[in-house]
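To start, the structure itself, in structure tokens.
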Amino acid sequence: MTSVLQEVLEVNKMPIEALRKKYKELFNAEAPLTASRRQLIPKITYQLQVLAFGGISSSAQRMIDDLNQGKTPVYAQRKNRITLPAGTLIVKEYRGETYKIKVTDEDFILNGIHYSSLAKIARFITGGTNWNVQRFFKLSETAQ
Numbered sequence: 006m007t008s009v010l011q012e013v014l015e016v017n018k019m020p021i022e023a024l025r026k027k028y029k030e031l032f033n034a035e036a037p038l039t040a041s042r043r044q045l046i047p048k049i050t051y052q053l054q055v056l057a058f059g060g061i062s063s064s065a066q067r068m069i070d071d072l073n074q075g076k077t078p079v080y081a082q083r084k085n086r087i088t089l090p091a092g093t094l095i096v097k098e099y100r101g102e103t104y105k106i107k108v109t110d111e112d113f114i115l116n117g118i119h120y121s122s123l124a125k126i127a128r129f130i131t132g133g134t135n136w137n138v139q140r141f142f143k144l145s146e147t148a149q
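Counting the sequence shown from 1 gives a position; my numbering is that position plus 5.
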């Protein structure tokens, strides 16, 4: 039996009639009459790979379906996100310095400078170290 790579390379060289025959063989249906070589080749080569290696996972398919329906995918939904009301003052002591961060509706303010996230402020305070924001500012203990 030929390898999948060899089959894919062969498909790329096939004339349209051979592609239609291969399509029928793989999908058990006639190729659309209006389909060109350029349209058939990716469908056929993808199906060859699916048959050899398996298709996408059910969770990936659900994600694709959600995106097609305009839903926010589960992976993009933040879990355990702490929302702080505007006007909240976060006080952080770090290495002998005290930092006061004001929460606004749009961002966070430290020393008159606006930051789009607390992670950026934590990075600034620590000199570039990435921190878990909830741990660094001890938010999980105080805000929910």
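Quick reminder that beta carbons are idealized off the backbone N, C-alpha and C, glycines included.
- K97 sits in a strand when the DSSP states are folded into three classes.
- Proximity to I95 across Q66, R128 and K107 peaks at K107, based on C-alpha coordinates.
- Partner residues in the beta bridge of T103, as assigned by DSSP, are E98.
- Sequence-distant Cβ neighbours of G92 in its own chain, meaning closer than 7 Å and more than five residues away, are V108.
- As the crow flies, the alpha-carbon of Y51 is around 22 Å from that of D71.
- A Cβ-Cβ distance of about 20 Å is found for the pair A65 and V9, leaving them out of contact under the 8 Å criterion.
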